[in-house]
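Notes follow the structure.
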Amino acid sequence: MELIRTPIKHFIRKHFIQTRRGYTVGIYIALGAAVLLYFHIIGLLLPVYAQAIVSWGLIAILIVFNRIKKFKYPPWRIHFMLIASLITLRYLYWRTFETLIYTDISDFMGMALLYLAELYGITLHFLSLFVSLWPTENEPVPLPADTALYPSVDIFIPTYNEPLELVKVTVIAALQVDYPKDKLHVYVLDDGGTMARRSNPKLSQAAWERHYEFRRMAREFGAGYITRERNIHAKAGNLNHAFGYTNSDLILILDCDHVPAKDILKNTVGYFIRDEKLAFVQTPHFFINSSTVEKNLAVFADAPAENEMFYRGGQPGLDFWNASFFCGSAAIMRRKYLVEVGGISGETITEDAETALSLHGMGYNSIYYGRPMVCGLSPETFDDFILQRSRWAQGMVQIFILKNPLFIKGLKFYQLICYINDCGFWFFGISRVIFYVAPAAFLLLNLKIFFASTSQVLIYALPHLLSSLILTEYISGKYRWPFFSDLFESVQSIYLFPAVIGVVLNPRSPSFKVTPKGQTSESESLSKMAIPFLIMTTIMFIAVPVAIIRWFEFPLYRDVIAVTSAWSVFNLILAMASLGAFFERRQVRRHHRLWANYKTSVYLPQSNEPVAGLITDLSLSGASVELGLSVSLKQLDEVTISFSDSYGNQYSVQARVQRIFKKGTYILCGCEFIVLNEETFKNIVGLVYGDSQRWVDFWNKRRKTPNTLRIVFVLLTLGITGTKKSFAAVFQMIFQLIKRQWKYLRPNRGTV
7 MELIRTPIKH
17 FIRKHFIQTR
27 RGYTVGIYIA
37 LGAAVLLYFH
47 IIGLLLPVYA
57 QAIVSWGLIA
67 ILIVFNRIKK
77 FKYPPWRIHF
87 MLIASLITLR
97 YLYWRTFETL
107 IYTDISDFMG
117 MALLYLAELY
127 GITLHFLSLF
137 VSLWPTENEP
147 VPLPADTALY
157 PSVDIFIPTY
167 NEPLELVKVT
177 VIAALQVDYP
187 KDKLHVYVLD
197 DGGTMARRSN
207 PKLSQAAWER
217 HYEFRRMARE
227 FGAGYITRER
237 NIHAKAGNLN
247 HAFGYTNSDL
257 ILILDCDHVP
267 AKDILKNTVG
277 YFIRDEKLAF
287 VQTPHFFINS
297 STVEKNLAVF
307 ADAPAENEMF
317 YRGGQPGLDF
327 WNASFFCGSA
337 AIMRRKYLVE
347 VGGISGETIT
357 EDAETALSLH
367 GMGYNSIYYG
377 RPMVCGLSPE
387 TFDDFILQRS
397 RWAQGMVQIF
407 ILKNPLFIKG
417 LKFYQLICYI
427 NDCGFWFFGI
437 SRVIFYVAPA
447 AFLLLNLKIF
457 FASTSQVLIY
467 ALPHLLSSLI
477 LTEYISGKYR
487 WPFFSDLFES
497 VQSIYLFPAV
507 IGVVLNPRSP
517 SFKVTPKGQT
527 SESESLSKMA
537 IPFLIMTTIM
547 FIAVPVAIIR
557 WFEFPLYRDV
567 IAVTSAWSVF
577 NLILAMASLG
587 AFFERRQVRR
597 HHRLWANYKT
607 SVYLPQSNEP
617 VAGLITDLSL
627 SGASVELGLS
637 VSLKQLDEVT
647 ISFSDSYGNQ
657 YSVQARVQRI
667 FKKGTYILCG
677 CEFIVLNEET
687 FKNIVGLVYG
697 DSQRWVDFWN
707 KRRKTPNTLR
717 IVFVLLTLGI
727 TGTKKSFAAV
737 FQMIFQLIKR
747 QWKYLRPNRG
757 TV
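Residue numbers in the sequence shown follow this note's numbering, run continuously in steps of one, and reach 758 at the last position.
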């Protein structure tokens, strides 16, 4: 069957051919009529009580529809989004024509900035609704029975300054991928051992050592090793250089810390056989460790990961419009189309999205397959997290300025909207800072930037906020808790603000910077990057008591004071909850553990009969195993752990018991794997990383969303804890500074 990638064709096929035509046509005619009615309602001049009935009546409809399963899917999904959009458009109409009042130039400047920030947010809101209209759930295309029909595949593993042990694991896993060995070739692309670095007097010794170590490792395992003369165009240049030394039909690109599961090619290559115009298949990035924000806030075990919003919500939405984009790793690319567009693009520092834009502009297709089949590492410190996000933000803004999708001729209009949304999102740092500062500017500086009565806020603003909250839960409730988007964006905003402004002023100024991975921390500490955010939080603290004073001093402004006070309190709660993200937790573990759920047979010392157990977590170092209370074990006993993964692959590994804990009806044994040789280590890599179903199960394990009140309680708890730790750390730093200065300034008693 011919693959249909055009969304409009898919729409017609699904809803006018494969279903009852008359029924479907009736639904869409009703939707069209509803749209006309909604636009009529937006500008209606009604009494205050009638406006309240309209606003809160629409909110009630959203709440009811959100509980009806039918409204989760088109065409009813479209109707739900239209109702939410109507509430937002009513707010925008009111905000534009009834709240913008000129008083003086300083007030006007502040008012204009706030209005533009809101206009940006609402525009992005509607763009994201378009993207999320119809998310896809692609199933893998079976490969043909005859392996001679399989395309050949090169696996590229680019590396720059990452340690050998990190890259080694990815190389081993890549060689274990389930694919005909005569059609699979693995290459280490070493940009840390280039001739330029080996010729540099300051870098020479380390570069030569790295060159020999990585080349030896690659040869021992049966992989290729490629380096180049100079480090030109960073990662993009490294990948493009390797094209000249390889020739397979497809290329799987893996960051050197992205360890592939065995089924990654089996689940993706079939798409290329089915569709000759397919340029690439992107798969999700799954991370074995929490991001620094999740780790410092201690929410990784319960709340969906920060990146799930994009990989489980954004990419499936983009895929419907044939606009899912290459994310730099975990993607399979068709070589001939990459060569046609000049290889991996390198004009901006987000070479991945830029390359996808070029391929889509040439009329080629993309697929997003949503099963996580690589396991990588998130940045370990807040500084590295901001470095990574700044690069993404700067790169997407570069694309918006230097390669604006509006001027890419081959893009369809729906792809254009998707790319505008992708680029536009990264300006959020500017609007977030404005939203933080705005209420404090009124309360502390008396800038009159918002004119509204309490009743107007209750009729227009509050329904708009509630509908946005309901819509967010409706679209992404399975992979993002309410208010957590605000939290994640808040901790980035003040740092992305100058980064984005810098690119706007000089689009070619950013340079590619590698995000450090696999770092450790010996002690808990406050990130130095917390200082600007702490200052902003302190200003919000001051604004709250000032609001109380102004309430009594200016009775005529009580409506506006009430609105800005509530706004300030919300900002303060969010800022306090965000403070915990800056307090770096201790991280000394060499290998990260992650949840597992495998039934196992454990062979005990001096016993031929195995006992049943359950593996509850795994890492390259060892495993945690639950055993019955009757099992007799002591510390340093050697056992053999045997189990099979979801694909039936059998594993058996020797381990040494390091810790034993009694927990209710079972004992929990912390076991360290005994690595006898390289073959044993390869086996361990396979059992830890080979089964992608483990990543799927972990994702699904965190899909349950608590109620909103529970999440508010979580935010308040995070706020109290984060504020206490952060300010205690600041006072400790100040005390140590004063102590050092006093010691330096104090006169020496031994002198006359």
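The C-beta atom is built at its ideal place from N, Cα and C for all residues, glycine as well. Values in this document were obtained by computation on a predicted structure and should not be read as measured data.
Close beta carbons around P469, own chain, < 6 angstroms, minus the five adjacent residues each side: Answer for P469: S61, I65 and I93, listed in chain order.
Three or more C-beta pairs below 8 angstroms linking the region 93 to 112 and the region 271 to 284: By the C-beta criterion, the region 93 to 112 is judged not to be in contact with the region 271 to 284, since fewer than 3 inter-stretch pairs fall below 8 angstroms.
Of the residues V681, Q57, Q321 and F77, the one placed nearest W100, counting alpha carbons only: Q57
E644 - partner residues in DSSP beta bridges: R662
D623 in three-state terms, based on DSSP: strand
Sequence ranges, alpha helix (DSSP H) only - wholly within the region 311 to 362, length at least 4: The region 311 to 362 contains these whole alpha helix (DSSP H) runs: 321 to 326 and 341 to 346.
Own chain partners of G376 with C-beta closer than 8 angstroms, once the 5 adjacent residues on each side are dropped: Take G376, set aside five residues on each side of it, and the residues of its chain with a beta-carbon closer than 8 angstroms to its own are E143, N144, T289, P290, Y317, R318, Q321 and P322, in chain order.
Three-state secondary structure assigned by DSSP to E226: E226: helix per DSSP, three-state reduction.
Residue environment, L715, which counts as buried when at least 16 other CB atoms sit within 10 Å: With fewer than 16 Cβ atoms within 10 Å of its Cβ, L715 is classed as exposed.
Where V681 falls: helix, strand or coil (DSSP): coil
Exposure label - D160; buried when at least 16 CB within 10 Å: Counting Cβ neighbours within 10 Å, D160 comes out buried, since at least 16 surround it.
Cβ-Cβ distance between V183 and L260 below 8 angstroms: no
Neighbourhood of F293 by C-beta distance below 8 angstroms, restricted to the same chain and skipping five residues each side: A311, N313, C381, G382, L383 and S384
Buried versus exposed call for P445 [16 or more other C-beta atoms within 10 Å across all chains shown]: buried
G676 vs S630 beta-carbon contact at 8 angstroms: yes
Beta-carbon proximity check, I431 vs L130, cutoff 8 angstroms: Note on identity: in this sequence residue 431 is Phe, with Ile being the wrong assignment. Remark: C-beta atoms of F431 and L130 approach each other more closely than 8 angstroms.
Contact the region 467 to 482 vs the region 405 to 422: 3+ CB pairs below 8 angstroms: no
8 angstroms Cβ cutoff, L155 in contact with chain B: As a matter of chain content, chain B is missing from the structure shown, which is built from one protein chain.
Nonlocal neighbours in the same chain, by C-beta distance under 6 angstroms from A568, ignoring five residues either side: T460, listed in sequence order.
Per-residue DSSP class, three states only, for V4: This structure gives no information on residue 4, because the portion of the chain shown stretches from 7 to 758.
Three-way DSSP call (helix, strand, coil) for E235 in this model: The DSSP-derived three-state label of E235 is coil.
CB of M535 within 8 angstroms of CB of D703, strictly: No. Outside cutoff.
Rounded Cβ spacing between V194 and I163 (contact assumed at less than 8 angstroms): 5 angstroms
V594 in three-state terms, based on DSSP: Bear in mind that the predicted position of V594 carries a pLDDT of just 49, short of 50, making it too unreliable to give a figure here.
Inter-residue Cα distance where the pair is D196 and N244: 8 angstroms
Cα-Cα separation between I373 and H366, rounded to whole angstroms: Straight-line measurement puts the Cα of H366 at about 11 angstroms from the Cα of I373.
Buried or exposed (CB count within 10 angstroms, at least 16 for buried), A505: buried
G634, enclosing beta strand (DSSP E) - first and last residue: G628 to G634
Backbone CA spacing between N371 and P513 [nearest angstrom]: 29 angstroms
Exposure of A151, with buried meaning 16 or more beta-carbon neighbours within 10 Å: That one is exposed.
Endpoints, beta strand (DSSP E) assigned at C381: V380 to G382
Cα-Cα separation between M201 and L209, rounded to whole angstroms: 11 angstroms
L450 versus F433 - alpha carbon distance: 26 angstroms
Where the beta strand (DSSP E) through K241 begins and ends: Per DSSP, K241 belongs to no beta strand (DSSP E); it is in the alpha helix (DSSP H), A240 to F249.
Coil, strand or helix - A309 by DSSP: Looking at A309 - three-state DSSP - the assignment turns out to be coil, as it is neither helix nor strand.
Local conformation of I744 per DSSP, three classes: helix
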